[in-house]
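Note sheet for the following structure.
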Amino acid sequence: MVRLSVFARAALLALVVCSPIMTCHGQLIESFDGPALDSRWSGDLSMFNVREGTLHLGATAAGNAYLSTPSPAIVDATWEFVVRMEFNPSSTNYARVYLVASHASLNSPLSGYYIAVGENADDVSLYKQSGTSRTRLVDGVDQRLNLDQAAVSVRVTRSAGGVWSLLTKLVNEQDWQHEGIAIDTEHYSSQYFGVLCNFSATRSDKFSFDDIRITGSPYVPVAVEKKEIIFTELFIDPTPMVGLPEDEFVEIYNRGDKHIDIEGFTLTAGSTEVAMPKYTMAPKAYLVLCNDDAAFRPFGAAVGLKNFPSLNNTGGQLVLRTRTGSLVDSVSYNISSYRSNTKQDGGYSIELIDTENICADESNWVASDSWLGGTPAQPNSVHASRPDHTPPEVIAVIAEAQSLVITCSEKLLETLPGVTDFSVEPGIEIDKVTWAEAGLRKLRLTFDQHLNPGVTYTLTIKTLRDCAGNEMPPASMLFQLPSSPGVQDVVINEILFNPLPGGVDFVEIYNRSDKYFNLLHWRIARRLDDGVLSVSRIDEPLVMPPQSYLALTPSTAIVTDQYPQAAARQLYTLDIPNFPDEGGTVLLLSPDMVVMDELQFDERMHSPFVTGAEGVSIERIDPNVAARIRDNWKSASAGRGYATPGSRNSNSSVSYQFDHSIVIDPPVFQPAFGTPTFTQIRYAFSVGGNIANVLILDQQGRTVKTVANNTLLGTEGFFRWDGDSDDGKLTYPGYYVVAFEVFNATGTTRRYLKRVAIAPE
118 MVRLSVFARA
128 ALLALVVCSP
138 IMTCHGQLIE
148 SFDGPALDSR
158 WSGDLSMFNV
168 REGTLHLGAT
178 AAGNAYLSTP
188 SPAIVDATWE
198 FVVRMEFNPS
208 STNYARVYLV
218 ASHASLNSPL
228 SGYYIAVGEN
238 ADDVSLYKQS
248 GTSRTRLVDG
258 VDQRLNLDQA
268 AVSVRVTRSA
278 GGVWSLLTKL
288 VNEQDWQHEG
298 IAIDTEHYSS
308 QYFGVLCNFS
318 ATRSDKFSFD
328 DIRITGSPYV
338 PVAVEKKEII
348 FTELFIDPTP
358 MVGLPEDEFV
368 EIYNRGDKHI
378 DIEGFTLTAG
388 STEVAMPKYT
398 MAPKAYLVLC
408 NDDAAFRPFG
418 AAVGLKNFPS
428 LNNTGGQLVL
438 RTRTGSLVDS
448 VSYNISSYRS
458 NTKQDGGYSI
468 ELIDTENICA
478 DESNWVASDS
488 WLGGTPAQPN
498 SVHASRPDHT
508 PPEVIAVIAE
518 AQSLVITCSE
528 KLLETLPGVT
538 DFSVEPGIEI
548 DKVTWAEAGL
558 RKLRLTFDQH
568 LNPGVTYTLT
578 IKTLRDCAGN
588 EMPPASMLFQ
598 LPSSPGVQDV
608 VINEILFNPL
618 PGGVDFVEIY
628 NRSDKYFNLL
638 HWRIARRLDD
648 GVLSVSRIDE
658 PLVMPPQSYL
668 ALTPSTAIVT
678 DQYPQAAARQ
688 LYTLDIPNFP
698 DEGGTVLLLS
708 PDMVVMDELQ
718 FDERMHSPFV
728 TGAEGVSIER
738 IDPNVAARIR
748 DNWKSASAGR
758 GYATPGSRNS
768 NSSVSYQFDH
778 SIVIDPPVFQ
788 PAFGTPTFTQ
798 IRYAFSVGGN
808 IANVLILDQQ
818 GRTVKTVANN
828 TLLGTEGFFR
838 WDGDSDDGKL
848 TYPGYYVVAF
858 EVFNATGTTR
868 RYLKRVAIAP
878 E
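Quick look at the structure:
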């Protein structure tokens, strides 16, 4: 038995594996020294033959013919070969040498690069082919092959960065001539190398090729990082048509600097998951994912997905993952994402504003400004730079039996903070810190013991960092285990029922107690004409601290756009019932459907000086006075923007105790633009059942306004004067007298005179 040395065995293995034409690492050497073509070649085999160490065309009639062989080299690659034509080439008799080809069939649509020899102007040029489209990258020297017999050696190099260089050398030349350079990275992987001849009948046996040598490395797919491809546009409701096809789509964008093959990636919407076909995304390129790619190809790159998921019009989540299941991007959307009450009705897409702010959430999305309704496969119409320089804030803490959920205003760093970054007093040890949700906005602190009901705890946070690295300064906040509410612990405090054009309604509630309540499964309802309730329910934990405000609205974005002074952190997205502009009934219901508060409202509750009630809310003056008292409601003041969602009302006035007295609160006011725009005439008596007449007198003692006429009183309450006269006009600035007359059934009468002033504008 013959024993081979280790070196000999390795050499033999390389010869078996890599020969006769393919060497390791994608190299190819072909000198056609054998009696026949190697089996790796495919194509029009019957039209070619090998003789005298050269590959010859041997066709019998006019046409074209090709051969190709596997060749993955493209990174830092060099191609060298010799082409001979026993004639002067022309536009009908020429050769193409495919350096890079996506398919073995070279006369079919493909992606790649080739050298055209003698095809145009008797030159040697470099072309890119994309499908059937051809683009010249290097235009060689004209008439270089204007010879009776053209024979040329060709050398092409390509760097890893896509820099191409073309050199040629004729038979009688000693040095290589530089034809030109080009930069192109559209096609970044290779499967085949090959030759193609186009010929007339008289030239069908006069082509030959030799000394093919290819070196270089194949393209190796790189790992796709999270947020390297992102969602940039969602067309979730295409009806009614504005300008785009009536077909849903999702747009993604490669924000990186490398080509990415998305074959096998998955798009998930709800319970539907679909896989991507073969497609390569170039750097900084957009791609539309849809059901019918033909409908969107006029706009740019589009790929049709079999079983493309139906997108929920009112809200949902989209997730993009690699073929191995790693998360690439996700986005949650809802009706508020449009920030437009008209565009949310359909025909417009939702577009990402800043593609580089990968940490932003819903604030980075808005309805398209395009006249077509969207910008599929194109830069977004709303594109703008919005870097995040704002540190995160804690917007809610929700106590559970043995844990605390902290909700932040934005996504945090993926690295969890440590136990030592938090402390809870009195006497609570923190066992661990975990994420409470996948969105990285909620943390859960788990304690070593149960929390005690009724005890107020203090949470101290040393620091938190958001996704962009902004650091929150140290902060402290109070919390309790949520309590069970009593009737009117939480009350309706403000309502906007006749919004501005493009606006939305809102209902503000106020916790007038000293307790914490979890509003999970609480409801806002509208009583319809037939008595049936139209109900909207809060479906997630939502803690309302003592003396806090919360405005519920279908679109917090629209509310903050139209009322910039709104307390954004005290707004909550809820698809509340649509209230009639002329009036109606709103109810606040507990989880077990107990009526916590109820308000019957109409447009007559507005100030008499509000000429147009559109966009003006009505506010509860005193949260401790029943909602049914109409004088306890007033138009929001102009000085506060005609609405105060999420914050103290512009007309807020808290009742206080006094006996046997009349109090004017405030004693000076400004009806049109003041805060408040009215005064309250408060009374308190030891017994109820009195009858009152209340007049406003000018300095001459003339009656300006009859506020009350033989009105039955309780033990305490108030009347309101808006600064108007009995004929509905605004009174002049100056001093006035409130004449308050009280009498009872026995005939006892008491009279009070109090001064009040209207301030000038």
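Quick note on my numbering: the sequence shown kicks off at 118 and runs consecutively. In this text, a Cβ means the ideal position worked out from N, Cα and C, and glycines have one as well.
Cβ neighbours of residue i in the same chain (closer than 8 angstroms, five flanking residues each side left out)
i: S317; result: A179, T209, N210
Straight-line Cα distance separating residue j from residue i
i: L162; j: L184; result: 7 angstroms
i: S466; j: Q687; result: 28 angstroms
i: S388; j: P394; result: 20 angstroms
i: E878; j: K846; result: 16 angstroms
i: V660; j: T431; result: 25 angstroms
i: P590; j: P508; result: 8 angstroms
i: F623; j: G556; result: 27 angstroms
i: V859; j: R747; result: 22 angstroms
i: L102; j: R558; result: No answer is possible for residue 102: the residues shown for the chain start at 118 and end at 878.
i: G433; j: L705; result: 27 angstroms
i: S307; j: T274; result: 14 angstroms
i: R745; j: H567; result: 42 angstroms
i: P784; j: R737; result: 20 angstroms
i: V134; j: D409; result: Confidence is the limiting factor: at V134 the pLDDT is only 38, short of 50, which leaves the residue's position unreliable, though a coordinate-based value still follows. In a straight line, the C-alpha of V134 is about 45 angstroms away from that of D409.
i: V821; j: D843; result: 6 angstroms
i: L437; j: E303; result: 23 angstroms
i: Y759; j: A683; result: 11 angstroms
i: P740; j: F696; result: 22 angstroms
i: G818; j: T828; result: 22 angstroms
i: T90; j: F564; result: What the structure shows of the chain is the stretch from 118 to 878, and residue 90 is not part of that stretch, so it cannot be assessed.
i: L560; j: T551; result: 6 angstroms
i: E390; j: N424; result: 9 angstroms
i: A386; j: S276; result: 40 angstroms
i: N451; j: A392; result: 24 angstroms
i: Q797; j: F786; result: 10 angstroms
i: N481; j: E368; result: 15 angstroms
i: R765; j: A755; result: 15 angstroms
i: A789; j: G701; result: 26 angstroms
Coil, strand or helix - residue i by DSSP
i: P335; result: strand
i: V536; result: helix
i: Q787; result: coil
i: L428; result: coil
i: E197; result: strand
i: Y455; result: helix
i: M661; result: strand
i: N749; result: helix
i: R721; result: helix
i: M163; result: At residue 163 the sequence reads Ser, which differs from the Met that was named. Note: S163 maps to helix in three-state DSSP.
i: V676; result: helix
i: T274; result: strand
i: R320; result: helix
i: D364; result: coil
i: N205; result: coil
i: E611; result: strand
i: S651; result: strand
i: A182; result: strand
i: D815; result: coil
i: P187; result: strand
Residues of its chain near residue i, where Cβ-Cβ distance is below 7 angstroms and the 5 sequence neighbours each way are ignored
i: A89; result: Given that the chain is displayed from residue 118 to residue 878, the structure contains no residue 89 and the question cannot be resolved.
i: L172; result: F149, F165, S325, F326, D327
i: D446; result: K344, I346, I347, F348, L437
i: A553; result: V522, K559, L560, R561
i: T140; result: Here T140 scores only 47 on pLDDT, less than 50, and its place in the model should not be relied on; the value that follows carries that caveat. Counting only Cβ-Cβ distances below 7 angstroms, and skipping sequence neighbours, we find I146.
i: V359; result: G464, Y465, L489, G490
Cut-off 6 angstroms between Cβ atoms - residues of its own chain near residue i, not counting five sequence neighbours on either side
i: L361; result: L489, G490, G491
i: V448; result: F348, L435
i: D776; result: Note that D776 has pLDDT 48, beneath the 50 cutoff, so the model's placement of it is unreliable and the number below is only indicative. Within the same chain, D776 has close Cβ partners A801.
i: E468; result: E350, S485, N497, V499
| said: Using 8 angstroms as the cut-off, can you tell me whether the stretch 259–269 makes contact with the stretch 222–238, which would need three or more C-beta pairs spanning the two stretches below that distance? | reply: yes
| Which runs of the alpha helix (DSSP H), 4 residues or longer, sit entirely within the stretch 557–598? | Entirely contained in the stretch 557–598, not one alpha helix (DSSP H) run reaches 4 residues.
| message | Would you call the stretch 358–376 in contact with the stretch 498–507, where contact means no fewer than 3 C-beta pairs closer than 8 angstroms? | response | no
| request: Would you be able to state if there are at least three C-beta pairs under 8 angstroms between the stretch 623–642 and the stretch 666–673? | output: yes
| task | Report yes or no: do three or more beta-carbon pairs, one from the stretch 214–230 and one from the stretch 245–256, lie closer than 8 angstroms? | result | yes
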